[in-house]
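Take a look at the structure set out below.
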Amino acid sequence: MTRVAFLVLAISLSSTILRAQDHFYSTRSYTVKNGLPQSQVSSLLEDKNGYLWVGTHGGGIARFDGRDFKVYTTLDGLLNNQIAGIQMDRHDNLWILHFRGLTKFDGRTFKKFEAPQNSPATKQMWKMYEVGDTLFVLSVRNRVTKIHNDSVYYWEKNIEKECRRVHIGPKGEVCFYLTDSTFMITRADRTIAFKPDIKLNGVYNFFNYKDEILFRNKDGVFRLDTDNRRVVKKPWSTDNFVVYYDEKDEMFWTANSKGLIKENFTSNKVKADTILRETEVSEVLRDSEGNIWIATNGDGLYKYFVQDFRCVTPENLRGVMAFERDVDNTLWVGTMYKGLWRLKDGKAHSYFQEMKEKDGGRNSINCIRVSPQGELWVGTAYGLGRYNRATDSFQWYMPDDGLAGATVSCIEFDEGGMWLGTNNGLTFFDGQTFKNYTQKDGLNENRILSLHYSTSLKRLFVGTATMINAFQDGKFNNVHVSELANTAVLTMRTYKNSALLIATTGNGVVIFDPKTSKRKQITTREGLASDFIYFAGVDEKDYLWIGSEKGINKILLDDNWEIVENLHFNDDNGLTGVETNQNAFYLGAKEKYFGLVDGLYEYNHAKDENLTPFTLHLSDVQILYGEYSSREYSDSTFGFFRIPYRPHLPPDRNHITFDFNRVDKRYSKSVKYKYLLDNFDAKWSQPSSVSSVTYSNLPPGDYAFRVMVTDNKGSWSQSKIEYPFTIRTPFYKTTSFVAGMFILVGGIVTLIFYLRVKQRIDRAMVMERIRQREQEAVRKEIARDFHDEMGNQLTRIINYVSLLKLNGSVYSNGNGHAKNGSHDLYTKVEDSAKYLYAGTRDFIWSIDPMNDELSKLFLYVRDFGEKLFEEKGINFRAFNEVKEPIKLPYGFCRQANLIFKEAMTNAFKYSQAKNVSLTLKRGDNESFDLSLEDDGVGFYTGDIQKMNGLQNIRERADRISAVLRIHSEKNVGTKIILNFKLTKSFKYGVAF
Amino acid sequence: MALPFKKRVMIVEDDQEIRNSFSLIVNSSQKFTVVNAVGSCEDAISLLNRDKPEIVLMDIELPGMNGIQGTKIIKDKSPHTDIIMVTVYEDSELVFEALKAGASGYITKSANYMELLSALEEIVKGGAPMSSRIARMVIDNFHVNPNSPLTKRETEILQLISEGKTYTQISEELFISKETAKTHIKNIYSKLQVNSKSEAIAKANLEKLI
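Protein chains in written order, with the numbering used here: chain A, -5 to 986; chain B, 12 to 221.
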C-alpha cells in the first residue's frame, strides 16, 4: 500500500467521468448516498484486514469493507468529527488526527488526546508521523506534539526552524523541508540534515518514485540524494504535479488545472488520460487489490479500477438479444427492436432500415448462428434470414417457404442440416427442403424456446415452456427431469461430453446426464445470483457461465459437480446493464461476449492477476447483542477488533453473535460465507453473503465456531476461522456436584433409613427392657411373696411337728421314737414339709431373674450337693471350667436344677458312691456339658424306662431342648451329662 | 426357770406362732433359755438392757425396723451378744447385709428342733456353712479394701468357695480338715463387722495418697 498526500489542489473542470482509453478501466463514485458520512474526504488508509478508512472534514471517520461504510463520530468516542489525517501504528492502533488533538482507536474503544485550550499556539495540527514507537504531530507555526505509549510528552512544542513540508518516504522515513532550505530525513535509527549546495526556489510538493524521494518546484523535478546529502535535478517529461506514482502499473497520477490525469511517460510513447475533472483531490491511494482510491473535497470518494467487463457497443445499441462471431471475426449483434448490427474494424453498421418495411418484425432478432459450413443465419420475429456475404444482403424464408412458424426463436445444426425452433413447431432444413414437426408428431408443445444437438448422443433436445423433448430416429420422447418441472427451458448446452447444461426460468441451472441420469441443480441456495436463468454455457476450461437478470455467475465444478469456484459479476464489475439475454452470449477461448439490455459486453481476459485476498477474520463477538462484554470472560484479546481469546462464558451468557468478514473491495458481492459451530451444528450452513450469525441458548460445553469464505476467485479459501470458546457448566450440573449430591442424597436416605431402623430397634429394645423389667419385677414380687408366705407357713409346720415330736418324746423311750409309732408319722410330715420347703426355695430361686446365669446355676446345684453329700460323708467335688457369664433363658435354671437335684438325690440314696463330682465345661459346637459323675454301684441302663425319676429328668431335658446322656456301669459308676446349646435369639425384628 | 449356765436367748420374730414354737424348742434344750420373745426389733432393743440376751435369733423380714438394722443397733448396744439370722434361704443378699451388720451366722427356717438346736450350738462354736454366693459377696466386699483384715488362708478359702469348690475340695487343696475350714468361715463372718472401720481407713489412706 502506498500513500500519497496531495495538498489541496483545485482542478476546475466538469465532473464528467471519462472513459479511459484502456477500456477495462472504470471509475465508480461513492457519495453520501452510498453511506459515506460526508462528501469532503480528507484522508485514506487501508489496514491489514483490507478495510479502507476514510476520514472526512466533519462527518467523522468511516470504515469501508467493500460493501458498507461503518461510520464513527463523536457519539462513538471521537474527539472531533473533523479528520486531518489517519495513521495506523505498529500495535494496530488507529490514530486519528484532528485539528486540535488526536483520537486513538484500538478497534474497540476510543481514547481522546485533546490539546489544552490555553495552548500558546492554538492553530491547527496538520501532519502526523510515526518514528519508532513515538508519534509526532506537526501544527502550524512550528509546533510539535509528541505522544509515546499513550502519554503526551508535550503539546505544541516550539521548534526553531519552521517546517514547510513533510513527506513520508518509500521506506517510511520522514522527510522535512525547513524554512532555511534544510532537508531533514528522520529514520528510526538516525536523522540526516543537510542544506543543498544549489539554490532552491522552494519545494512545491514531494512524491515517491520507486525508492526515490522526488520533489518539484518551479525549476523542475529534483531527487533527494541522502547518501551524498545533496539534491539532483532529474529529467522530467510532464509539467503536471505528480500526486502519486503507481509503481505496479508504472503510471503517474498527476494533476494540473484540467483535472486528475493518469500518465505514462517513462516509455517512449507518452500516454495521458484524464480521470476526473473539476474535482478537488485531497489524496490518492492504491489499495492492495489494485483499486485506486481518490479522496475529493466535496465529491466524495472515487474508485478507479480495472473492470471485468467493458461495453463494446455504441450507446444506441441496446437490448442485445442475439450475438454471433462470424468466421471473419465480424461481430453480429441482434437487438430486441433495433435490428441487426454488424461490428467490424471498430465500425458499427445497422441493418435497421433495410428490414424496417416488415413491421419491425425483422428488427426483432431472436438468434444468430453461423453454420458449420460458414453460412450466417438470423432468426427473427418475422422469418429466417440467410446472409449473403457477397451482396451483403439477406434471403428470407417464411412459413410459405416451408417454415413451421414465422417467429424463429432458435437455430441448431446437426450433421444433416439445420434445426429451427419456431412459435409453431420444429423445422428441419437440409438446404433444400423444409420438414416440420408439431404436436401431432409427438412434440409436447409447438412453441419452441431452445434447441441443442448433442453430437455424442446423436440426439436433438427441444426445450419448450414446460419440458425437454428428445428427438432421435424420427421420434420425440419426453425427458423426465423432476428439477425442470413447470419451468421453461431457455438454453441447453453439452457439459463434459454427454451431460446437458440447462437454463431454467425459476429453477436455476440443472445439469442432467441422459446416459446415467445423474443430475445436479444449482440455485441461489448454492450461490447463484438468481434462479431465473437466461443462459448457461460452458467455456473451454469447463467454467459455467450463467446469466440471469442479476448479472453473470462464473462457476467451476469438480468431478462430482460440486461448486469449487463461484464468482458473481454485476454492475460492480462493469456489467452496467446487469440483465443478460437468452441467445446473446459467446464463449470463445480468447474472447467472451455477453449481450445485456444496454449493449454488448466483452470479458476482460487479461485481468487475471494473482492478488492475495484478505484474510477472513472475526470483527466482533457479542453476548446478548452487546449487552454484556465478551471480553470480560477472557484473559487476552487478539486482532484489531480485540476479539476475546478462548472466552469462558458463564452459563447464562449463552446468547452469542459472531460477526465475521473478509474484505473484498473488488468482488464484494461474490464473498460468500459458510459457518459451523462444532459441538452444536450438524453440518455447515448454506453459503450466504450474510456475515453475522447468532446462537442463542447454547447449552454448556466446549465449542469451536468455524467459518469458511470464498476468495477473490470465488472458491472456498484457505483462510478460515476456528474460534474456540466455552460455555461453563453451572455448578449444579457439574459431575462433581451431581456426584456429591448423589452421595449426599444417598447418605441422607441411608441416614434416614438407618435412623428409622435404629429408632425402631431402640424402641423395641426399650420395650424389651421394660418388658424384662416388668417381668423381673413380677418374678421378684412372686419370689418375695413366696418367701414370706410359703416360707413362714412351712416353718410353722416344721416347728409344729418339732413341737409334737418334742411333746411325744416325753412319752418316748428317750431315744426320740414314739411308742405308738406316731413319731414316724411326724417325721414323714416333717420330711414332706421340708421337701416342700426345699422345692419352694428352688422355685423362688429359679424365678428370680438374677439367677438366669450359668455359673449361678452351677453354684446353686453345687451348694445343694455340698449339703446333701456331707450328710453321708460322700466326697463331693465341683469343677467349673466356664468362667465367663453366660445368660440363660428363662425357665432353664429351674429345669436344670431339678434334673441335677434328682440325679444327686439318686446318687445320694442308691449309688453307695464315695466320690461325686459336678462338672461344667464347654462341649462341641458351642454347646455346654453339665455332668454329674459318681463311683457308685451303677445300674442297668435298660431299666431307665421303668425308673420314674430318670424319666422325669429326661422330660425336663426335652423341655429345655437339651440332650441328656446317661452312662452307667455296674460297680464303676454312673455319669449323667446334660448337653445344651444356648442359641442366639431372634429379637426386635432384626437379626443380630 | 432359767439356770445360770444356760445361754440367754432372745427371739425376734413377727409371726407369733413361729415365735412361740421357737421359744418352746429353744427352751426344750438344756443349754439355752429364752429370756424373751418379741415381735419387733424396737421391742428387742428396748428390752436389751433388761434381758441381756447372749444370743438373739433374728428374723430378717420384720415390720418396722428390719432385722439388719436391728442387728446393727443391738451389736452397738451390746457387742458381746451373738446374733443369728433366721432366714428362708441362706444365700440371700439380706443375709450378707446382716452378716455385715454384725450377725454371727445364720440358720434356715426349715430346720427342725434338732437341727435348730445343733445349729445354735454350732454357730456359737463356729460359723455356719457359707454358700458360694455369700463367699463371692465377701470377696467383693474385701477386695476393694487394700488393708483387708482377712488372713491369706481365709482369702484362699473364700476364693475357692466362690469358684464353686466344695469343702471336700478345699480341704484337699489346702490340706486342712473341713472343720478347720468352717472355723475360718466363722472368723470371716466376724471380720465382716469391722468392714465399715476398715473402709474408713482405706478411704483415708487413699485420700492421703492423693
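Glycine is no exception: its CB is placed at the ideal position from the N, C-alpha and C atoms.
Test: residue i CB closer than 7 Å to a CB of chain B
i	result
Asp928/A	no
Phe870/A	yes
Ser925/A	no
Leu830/A	no
Gly833/A	no
Leu800/A	yes
Asp785/A	This sequence places Gly at residue 785/A; Asp is not what is there. Yes, Gly785/A lies at the interface with chain B (some Cβ there is under 7 Å from its Cβ).
Phe886/A	no
Phe852/A	yes
Leu797/A	yes
Asn891/A	no
Glu860/A	yes
Thr899/A	no
Cutoff 7 Å: residue i Cβ touching any chain A Cβ
i	result
Asn123/B	yes
Asp26/B	yes
Gln170/B	no
Val67/B	no
Leu128/B	no
Ser182/B	no
Val106/B	no
Ile222/B	In the structure as shown, chain B begins at 12 and stops at 221. Residue 222/B is therefore absent and cannot be evaluated.
Leu73/B	no
Leu58/B	no
Straight-line gap, residue i to residue j (C-alpha atoms, nearest Å)
i	j	result
Ile362/A	Thr449/A	20 Å
Gly810/A	Ile118/B	Here Gly810/A scores only 45 on pLDDT, less than 50, and its place in the model should not be relied on; the value that follows carries that caveat. If you take the alpha carbons of Gly810/A and Ile118/B, they lie about 23 Å apart.
Ile66/B	Met76/B	19 Å
Gly60/A	Glu156/A	41 Å
Asp507/A	Asp386/A	42 Å
Trp326/A	Phe18/A	22 Å
Ser403/A	Arg271/A	46 Å
Backbone secondary structure at residue i - three-state DSSP
i	result
Arg356/A	helix
His161/A	strand
His811/A	The pLDDT assigned to His811/A is 47, lower than 50, so where the model puts this residue is not dependable, and the model offers no usable value.
Ile230/B	As displayed, chain B neither begins before 12 nor continues past 221, which places residue 230/B out of reach and without an answer.
Tyr345/A	coil
Ser121/B	coil
Phe674/A	coil
Val504/A	strand
Tyr24/A	strand
Arg84/A	coil
Glu165/B	helix
Best match in the options for proximity to residue i [C-alpha to C-alpha]
i	options	result
Ile269/A	Ser911/A, Ser685/A, Ala249/A	Ala249/A
Asn198/B	Leu169/B, Gln180/B, Glu184/B	Leu169/B
Glu626/A	Ser905/A, Gly633/A, Val615/A	Val615/A
Asn564/A	Asp756/A, Arg380/A, Arg304/A	Arg304/A
Thr162/B	Thr179/B, Tyr200/B, Lys120/B, Leu128/B	Tyr200/B
Leu610/A	Thr460/A, Arg656/A, Ile496/A	Arg656/A
Glu920/A	Phe699/A, Leu976/A, Asp62/A	Leu976/A
Asp395/A	Thr421/A, Phe170/A, Asn438/A, Arg871/A	Thr421/A
Glu28/B	Asp127/A, Lys265/A, Ser796/A, Glu596/A	Ser796/A
Partners in chain D for residue i, counting only beta-carbon separations shorter than 7 Å
i	result
Thr913/A	The structure shown contains no chain D; the protein chains it does contain are A and B.
Proximity test, residue i beta-carbon vs the ligand SAM heavy atom, cut-off 6 Å
i	result
Asp646/A	Although the ligand SAM was asked about, the structure shown includes no ligands whatsoever.
| Counting pairs of beta carbons, one from the stretch 182 to 201 of chain A and one from the stretch 216 to 231 of chain A, are three or more of them closer than 8 Å? | In this structure the stretch 182 to 201 of chain A lies against the stretch 216 to 231 of chain A, because at least three pairs of beta carbons, one per stretch, are closer than 8 Å.
| Contact between the stretch 696 to 707 of chain A and the stretch 667 to 683 of chain A: three or more CB pairs below 8 Å? | Taking 8 Å as the limit for Cβ pairs, the verdict is that the stretch 667 to 683 of chain A does touch the stretch 696 to 707 of chain A.
| query | Does the stretch 300 to 315 of chain A come within contact of the stretch 50 to 58 of chain A, defined as at least 3 CB pairs closer than 8 Å? | reply | They do not touch, by the three-pair rule.
| message | Is it the case that the stretch 817 to 833 of chain A contacts the stretch 53 to 64 of chain B, given that we only count it when at least three CB pairs across the two stretches are under 8 Å? | response | In short, these stretches do not touch, since the Cβ pair count stays below three.
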